[in-house]
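With this note's numbering applied, the sequence shown covers 454 to 711. Have a look at the structure below before the remarks.
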Amino acid sequence: MHPKKVHFFYSAKERENKLNEDLLLLIELQECDSKLMAFSTRKKTLPEKIDKLDKDFAACKESMEQNKKKHDELKNAHADKEKEVKKINENIAKAKGRLLEVKNNKEYQAILKEIEVAEASCGDIETQIISLLDEIDNISVLANKDGEILSQHKQKHEDERKILEADINSLDTDFSQWEQKRNEIKNKMNGGLLEKYERIRNRNGGIGVVSVWKAVCNGCHMNIPPQLYNELQKSSELMICPNCNRIIYYQNKDSAAS
Ligand SMILES: [Zn+2]
């Protein structure tokens with residue numbers, strides 16, 4: 454009879470369980486860190502998105518209001534022309550009054566000439582007024598159309614803005630929830646494992662643990678050697694991608710999807 458074998462360390466099965474436990478913690482921790490990184494990015498990009506949205510809308514508004522601006526200018530021009538006509542007509546009326554008081558024919562002829570010139574210029578201005586009124590009609594159709602389109606854009610802009618603002622408001626809550634989850638996971642890990650993870654993560658743009666499927670590392674998208682891939686599937690110990698040096702684990706994406 455052999456004496457009962459004493460394990461000072463983990464048995465093979467225990468080791469495997471322990472590894473699975475470690476790996477699960479690492480995967481969960483990585484998930485937390487990836488979420489937290491994404492939140493930090495969003496915290497920066499969301500206000501930028503709102504800013505861009507506002508600028509785009511202001512530019513759209515500006516271009517949409519060109520026709521309205523033109524319409525207002527034409528209206529003012531029309532009012533000026535009407536004033537001019539009124540003034541000329543007053544002058545004509547005064548000149549006609551003076552006709553009754555003239556003493557000689559020369560003066561009479563001069564006033565008649567003055568009235569004739571004034572009436573001719575009045576006629577010119579009235580022609581200009583008619584074409585101005587035409588222009589005003591045309592441009593007000595365009596300006597009204599612009600107004601409708603602009604109010605649609607305004608609604609869309611406000612809706613999009615509200616969504617982004619709501620996102621910003623929920624970010625802080627999400628962040629602290631995931632931070633809390635991260636702390637809980639961290640507390641379950643042994644110091645050495647955590648330190649190893651942090652070291653690898655810091656060297657690799659915040660991603661320290663990645664899956665491998667069909668012999669491709671999901672971190673660097675390179676193939677890992679067949680022998681390593683074989684070993685990884687048997688998962689006897691924590692393994693590192695020889696290319697990107699991240700902690701790798703085997704994940705059957707086909708079964709995960711189903
Ligand atoms: Zn890799």
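No residue lacks a Cβ here, since even glycine has one placed at the ideal position from N, Cα and C. These figures come from a predicted structure and were not determined experimentally.
- The region 662 to 682 makes no contact with the region 518 to 525, as fewer than three CB pairs between them are under 8 Å.
- Under the three-pair Cβ rule at 8 Å, the region 578 to 586 does not count as touching the region 545 to 561.
- C-alpha of Cys670 to C-alpha of Tyr682: approximately 10 Å in a straight line.
- Checking the 6 Å criterion, the Cβ of Gly661 is out of range of every heavy atom belonging to ligand 1.
- With 5 Å as the limit between CB and the heavy atoms of ligand 1, the residues that fall short of it are Cys670, Gly672, Cys673, Cys694, Asn696, Cys697.
- Secondary structure of Val669 (DSSP, three-state): strand.
- Our two residues, Ala546 and Asp577, have alpha carbons roughly 18 Å apart in a direct line.
- Taking a 10 Å sphere around the C-beta of Val570, we find fewer than 16 other C-beta atoms and assign the residue as exposed.
- Asn676 is bridged by DSSP to Val669.
- Between the region 630 to 638 and the region 527 to 547, the count of C-beta pairs closer than 8 Å stays below three; the two stretches do not touch.
- Nearest neighbour of Leu489 by Cα position, chosen from Ile564, Leu565, Ile660, turns out to be Ile660.
- When Cβ pairs closer than 8 Å are counted between the two stretches, the region 494 to 510 is seen not to touch the region 642 to 652, the count staying below three.
- Linking Leu647 to Ile700 through their CA atoms gives a straight-line distance of about 12 Å.
- Following the DSSP letters along the chain, one finds Ile602 inside the alpha helix (DSSP H) bounded by residues 558 to 641.
- A Cβ-Cβ contact shorter than 7 Å links Val662 with Leu479.
- Scanning the region 455 to 536 for uninterrupted beta strand (DSSP E) segments of 3 residues or longer gives nothing; none is fully contained.
- Contact check for Leu499 against Leu617 passes: the beta carbons are separated by less than 7 Å.
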